[in-house]
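Peer 1: Handing you this structure, nothing more for now.
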Amino acid sequence: MSIDAELRKYLHHMPGIGEYRSSLSSLSKWWTRVSLTGKINSLSVAATLLDSMDQAQRKFQELQERLIDSLARENTRKVALELGAMAQVAVDIVVRNLFERTADVGFLATDGVLVDFLAASDGDTDTCAAGMGNDEHAPPPSPAAPPTAMPLMPSVTGDDACAAVRRRLRDYRAKYTVYDEILVLDTHGRVRAQLDEATPVRASADPLVAATLADDGYLETFRPSDLRPGRPAAHIFSHRILHPETGRPLGVLCLCFRFEDEMEGIFRKLVNGRQDVVLCLTDEAGTVIASSAPGDFRVGSCLGNRAPGALTSLGSGSEEYLAFSTPTNGYQGYLGLGWRGCAATPPHAAFACDGEDGGTGDGANLARMAQGLHPPADREGVTDGDRGTRKDDSAEPSCIFSDDLLDIAATSEDVNQDLGLVVINGQIIAVQRNAQEFLPVLDEIRKIGHKTKDMFVKSIDDLYATVSSALLSDLRFKAALACDIMERNLYERANDCRWWALTPAFRQVLAAAGHGRALPPEAARRGMTEILRYIHGLYTVYHDLCVYNAAGVVVAVSNPENEGCVGRDLSGCDFVRQTVQSIRNQQEYRVSPFAPSDLYGGRPTYIYNAAIMHPDDERTTVGGIGIVFDSGPQFEAMLADALPRDAAQAPLRGAFGLYVDAGGTVVSSTSPDILPGHMLTLPPQARTGDPAGVSCIHDMLGRRHALGAAPSCGYREYKNSGDYENDITGIVAVPV
Numbered sequence: 092m093s094i095d096a097e098l099r100k101y102l103h104h105m106p107g108i109g110e111y112r113s114s115l116s117s118l119s120k121w122w123t124r125v126s127l128t129g130k131i132n133s134l135s136v137a138a139t140l141l142d143s144m145d146q147a148q149r150k151f152q153e154l155q156e157r158l159i160d161s162l163a164r165e166n167t168r169k170v171a172l173e174l175g176a177m178a179q180v181a182v183d184i185v186v187r188n189l190f191e192r193t194a195d196v197g198f199l200a201t202d203g204v205l206v207d208f209l210a211a212s213d214g215d216t217d218t219c220a221a222g223m224g225n226d227e228h229a230p231p232p233s234p235a236a237p238p239t240a241m242p243l244m245p246s247v248t249g250d251d252a253c254a255a256v257r258r259r260l261r262d263y264r265a266k267y268t269v270y271d272e273i274l275v276l277d278t279h280g281r282v283r284a285q286l287d288e289a290t291p292v293r294a295s296a297d298p299l300v301a302a303t304l305a306d307d308g309y310l311e312t313f314r315p316s317d318l319r320p321g322r323p324a325a326h327i328f329s330h331r332i333l334h335p336e337t338g339r340p341l342g343v344l345c346l347c348f349r350f351e352d353e354m355e356g357i358f359r360k361l362v363n364g365r366q367d368v369v370l371c372l373t374d375e376a377g378t379v380i381a382s383s384a385p386g387d388f389r390v391g392s393c394l395g396n397r398a399p400g401a402l403t404s405l406g407s408g409s410e411e412y413l414a415f416s417t418p419t420n421g422y423q424g425y426l427g428l429g430w431r432g433c434a435a436t437p438p439h440a441a442f443a444c445d446g447e448d449g450g451t452g453d454g455a456n457l458a459r460m461a462q463g464l465h466p467p468a469d470r471e472g473v474t475d476g477d478r479g480t481r482k483d484d485s486a487e488p489s490c491i492f493s494d495d496l497l498d499i500a501a502t503s504e505d506v507n508q509d510l511g512l513v514v515i516n517g518q519i520i521a522v523q524r525n526a527q528e529f530l531p532v533l534d535e536i537r538k539i540g541h542k543t544k545d546m547f548v549k550s551i552d553d554l555y556a557t558v559s560s561a562l563l564s565d566l567r568f569k570a571a572l573a574c575d576i577m578e579r580n581l582y583e584r585a586n587d588c589r590w591w592a593l594t595p596a597f598r599q600v601l602a603a604a605g606h607g608r609a610l611p612p613e614a615a616r617r618g619m620t621e622i623l624r625y626i627h628g629l630y631t632v633y634h635d636l637c638v639y640n641a642a643g644v645v646v647a648v649s650n651p652e653n654e655g656c657v658g659r660d661l662s663g664c665d666f667v668r669q670t671v672q673s674i675r676n677q678q679e680y681r682v683s684p685f686a687p688s689d690l691y692g693g694r695p696t697y698i699y700n701a702a703i704m705h706p707d708d709e710r711t712t713v714g715g716i717g718i719v720f721d722s723g724p725q726f727e728a729m730l731a732d733a734l735p736r737d738a739a740q741a742p743l744r745g746a747f748g749l750y751v752d753a754g755g756t757v758v759s760s761t762s763p764d765i766l767p768g769h770m771l772t773l774p775p776q777a778r779t780g781d782p783a784g785v786s787c788i789h790d791m792l793g794r795r796h797a798l799g800a801a802p803s804c805g806y807r808e809y810k811n812s813g814d815y816e817n818d819i820t821g822i823v824a825v826p827v
């Protein structure tokens, strides 16, 4: 990474660089004077000795330039790494969230209650929203599509239908709290049902209605819309609703995402109380659409199309910033609307020497390791006698210090050795040729050697410390990111199980079967299986979806591989027993321990469960639904996305990530040497309650690692409302 000419003006903000430049320049001038004095007053000294002095000085001058350049480059790299990580996470986290919304709107558009409501009132001008007008100009009908609605419940009409739709939408939003409004429109743009009574909408002229009716998939819109009056912008996911038999469009479903609320939470967590960092999202044109500090970066202001993936300057004078802008990496092929994350900080704050290493002092330890010494490590079996010993020659070279940095240290040692040889050889020649006048010159050279060594040791230590601090900070950040990704994903799982438990067909079939152990009739079970498979086809993060009756007997599964589990009694599982016996409302759920399950091929996983209530009496439980998370590949992919990466965006050599529960059980790992279900002893400081995480040096897998650790903190109400407790520590480690 070379330093852009635009950034060279910030060199004076970088800790120690000005002092080093001045000191090294003075030392170089001193050396020149001494060398010149030696040449003038010591004609009897061999020319080869004077040539050696000149060669050593040239090497010193070259090293001086390399050192200053490396100090500036690593300080700049540290800032770019920090700002780049925050900018990347700001855009990637929201894109991951929005990816889930694309599945939501497509699935809810097939909901039987909504489909039957629109089908029953097709052509009717009455609406659930009072005072609705009549639009004579409907958009042209779209070509018929194959039926996609799930057979959930019989049609209802009139006031009962309106009440059923509103109740259905309220139930949905109670689970999926990322939405602040849900609207159902007919093909004329009339609002047939909505949730937000504070901003009633009678009809919409928004082009998204016609565009959605003409499209087979979902549409994502971010701009002002008459569907959300009074809002500067609305973030809407829309999907057409089709007739269950003819495939003819009946209307449009709109899910309105809580964009401002979501971005406020993301920014708050990333900024973590810092006053010197501003985060924002920009659209494709560089216009700010969300900001952590509206006073500095106002929504609607334009930052321009900044070069992505590079540190650039923004603004001027007292309002000058260093900024890093980056596009999203996307998620499973979804890239959203082309937004970019941007992080900015004033230059004086960017290069402030904060000495952060997670509060452990391990930045200095890593610097010592770069020089071939073991630092103290937090591990069992390490004694004080091990400290300060040379590294095992068989150990792999560290991946955190570049060859250039290691070469600077080696070259500085060469310069000092060259000077030492000049002094020794000079003393011998002075004695042989009785050149007493050269001895003062040698004495000065000796002083220069000592001064050079001290200065290079200090500056190289600072260089290593800068690199180490950047690494440790990044590991803490990545560990916190790993946990955040996990919590956000599992929030969706808690929502899914509760929503699918409300499927009318499940409630009706289980209620009709009674409370015994007997299975429902085969035709009813076949219908349940079809619904489960339909859902599973849309939500591929699961290994299986199963429905069991009030006795805990499996009634239907979605995964054909688990057909043999139908009829199996799960009542011996605590989480199943709690689901059917202790849950009394549709907001509650239960999660299995992370343990092997027959429903997951004997491998460990989490199973999210919700009670299925009687359709006529929600105080009576008739069964439950268990959704088996495909924890192996899903968790591993989350950890892989949080690993530190090199300039080519490949994971650092030997880097790995872990999820570990409170008991030390490994939930997931990207290392082939640490498998899920294994027990792992972590250093005490890794069990931190600080959401920002900590870093330390720890022995794992037979060698030392720089390690970042952070706790799980939940997402929205998930794990933050007393609903569920399961402490997880995210670990990201790199061998050193």
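The sequence shown begins at 92 in the working numbering and counts up by one. From the three backbone atoms N, C-alpha and C, an ideal C-beta is built for every residue, glycine too. Nothing here was measured: the structure is a model prediction, and the numbers come from that model.
What are the uninterrupted segments assigned as beta strand (DSSP E) that are 3 or more residues long and contained completely in the stretch 688-736, given in chain order?
Peer 2: Complete beta strand (DSSP E) runs here, min 3: 694-696, 698-705, 708-720.
Peer 1: Quick one: is residue 237 buried, meaning 16 or more other Cβ sit within 10 Å of its Cβ, or exposed?
Peer 2: Because the pLDDT of residue 237 is 35, which lies under 50, any placement of that residue in the model is unreliable, and the question is left without a value.
Peer 1: Whose C-beta lies closer than 7 angstroms to the C-beta of residue 234 among residues of the same chain, with five residues either side of it excluded?
Peer 2: Annotation note: pLDDT 32 at residue 234 (below 50); position unreliable, no value reported.
Peer 1: Measuring CA to CA, which of 669, 786, 709, 504 is closest to residue 561?
Peer 2: Per the Cα distances, 786.
Peer 1: Look up residue 770 in the DSSP assignment and say whether it is helix, strand or coil.
Peer 2: Here residue 770 sits in strand by DSSP.
Peer 1: What does the Cβ neighbour count give for residue 522, buried or exposed, with the cut at 16 atoms within 10 Å?
Peer 2: Classification for residue 522: exposed.
Peer 1: Which same chain residues end up closer than 6 angstroms to residue 266 when comparing Cβ atoms and leaving out the 5 residues on each side of it in sequence?
Peer 2: Same-chain partners within the cutoff: 586, 589, 590.
Peer 1: Going by DSSP in three states, residue 818 sits in which element: helix, strand or coil?
Peer 2: The answer is coil: DSSP assigns residue 818 none of H, G, I, E or B.
Peer 1: For a cutoff of 9 angstroms on Cβ pairs, would you count residue 776 as touching chain E?
Peer 2: Included in the structure is just one protein chain, with no chain E present.
Peer 1: I need the straight-line Cα distance from residue 498 to residue 166, nearest angstrom please.
Peer 2: Their Cα atoms are separated by approximately 18 angstroms.
Peer 1: Out of curiosity, what's the CA-to-CA distance linking residue 747 and residue 689?
Peer 2: Whole-angstrom Cα-Cα distance: 29 angstroms.
Peer 1: I'd like to know whether the C-beta atoms of residue 649 and residue 637 end up nearer to each other than 9 angstroms.
Peer 2: It is a contact, given that the beta carbons lie within the stated cut-off.
Peer 1: Which residue from 351, 146, 140, 172 puts its Cα closest to that of residue 568?
Peer 2: Measuring from the Cα of residue 568, the nearest candidate turns out to be 172.
Peer 1: Can you tell me the Cα-Cα spacing of residue 343 and residue 273, whole angstroms?
Peer 2: So the two alpha carbons sit approximately 11 angstroms from each other.
Peer 1: Classify residue 508 as buried or exposed, calling it buried when 16 or more other Cβ atoms lie within 10 Å of its own Cβ.
Peer 2: Classification for residue 508: exposed.
Peer 1: Going by beta-carbon coordinates alone, are residue 162 and residue 111 separated by less than 9 angstroms?
Peer 2: Yes, Cβ-Cβ distance for residue 162 and residue 111 is below 9 angstroms.
Peer 1: By the three-class DSSP mapping on this structure, what secondary structure does residue 279 have?
Peer 2: Reduced to three states, the DSSP call for residue 279 is coil.
Peer 1: From residue 365 to residue 421, what does the alpha carbon distance come to, in whole angstroms?
Peer 2: Near 27 angstroms, if we compare the C-alpha coordinates of residue 421 and residue 365.
Peer 1: So for residue 382, helix, strand or coil by DSSP?
Peer 2: Note: residue 382 maps to strand in three-state DSSP.
Peer 1: From what residue to what residue does the beta strand (DSSP E) around residue 415 run?
Peer 2: It spans 412-418 - the beta strand (DSSP E) in which residue 415 sits, taken as one unbroken run.
Peer 1: In angstroms, rounded to a whole number, what distance separates the CA positions of residue 555 and residue 754?
Peer 2: Cα to Cα, the separation comes out at about 36 angstroms.
Peer 1: Using CA atoms only, rank isn't needed, just tell me which of 681, 721, 674 is closest to residue 696.
Peer 2: Checked all of 681, 721, 674; the closest Cα to residue 696 is 721.
Peer 1: Please state the DSSP three-state secondary structure of residue 678.
Peer 2: The answer is coil: DSSP assigns residue 678 none of H, G, I, E or B.
Peer 1: Would you mind working out which of 104, 186, 115, 124 sits nearest residue 533, comparing C-alpha positions?
Peer 2: When only C-alpha atoms are compared, the closest one is 124.
Peer 1: Determine the extent of the alpha helix (DSSP H) in which residue 507 is found, giving its start and end residues.
Peer 2: Here the alpha helix (DSSP H) through residue 507 covers 494-523.
Peer 1: Tell me which residues share the same chain as residue 634 and place their Cβ nearer than 6 angstroms to its Cβ, disregarding the 5 neighbours each side in the sequence.
Peer 2: Excluding residues within five positions, the ones whose Cβ falls inside 6 angstroms are 691, 719, 721.
Peer 1: List the endpoints of the continuous alpha helix (DSSP H) containing residue 531.
Peer 2: Here the alpha helix (DSSP H) through residue 531 covers 530-591.
Peer 1: Could you say if the stretch 602-609 and the stretch 752-768 meet the contact criterion of at least three C-beta pairs nearer than 8 angstroms?
Peer 2: Segments in contact, no.
Peer 1: Let me make sure I understand the geometry here. Which of 543, 717, 563, 579 has the alpha-carbon closest to that of residue 502?
Peer 2: Among 543, 717, 563, 579, the Cα nearest to that of residue 502 is on 543.
Peer 1: Can you pull the DSSP bridge partners for residue 285?
Peer 2: 274, per the DSSP bridge assignment.
Peer 1: Could you tell me the alpha carbon to alpha carbon distance between residue 402 and residue 413, rounded to whole angstroms?
Peer 2: Distance between the alpha carbons of residue 402 and residue 413 is about 7 angstroms.
Peer 1: The beta strand (DSSP E) with residue 356 in it runs from where to where?
Peer 2: Per DSSP, residue 356 belongs to no beta strand (DSSP E); it is in the alpha helix (DSSP H), 350-362.
Peer 1: For residue 371, which residues does DSSP report across the bridge?
Peer 2: Paired residue(s): 382, 433.
Peer 1: Write down the C-beta distance between residue 506 and residue 151 rounded to the nearest angstrom, noting that I regard them as a contact closer than 8 angstroms.
Peer 2: Yes, they are in contact, since the Cβ atoms of residue 506 and residue 151 sit about 5 angstroms apart, within 8 angstroms.
Peer 1: In the DSSP output, what is residue 311 paired with across the bridge?
Peer 2: BP columns for residue 311 point to 328.
Peer 1: Between 716, 711, 704, which has its C-alpha nearest residue 698's C-alpha?
Peer 2: Measuring from the Cα of residue 698, the nearest candidate turns out to be 716.
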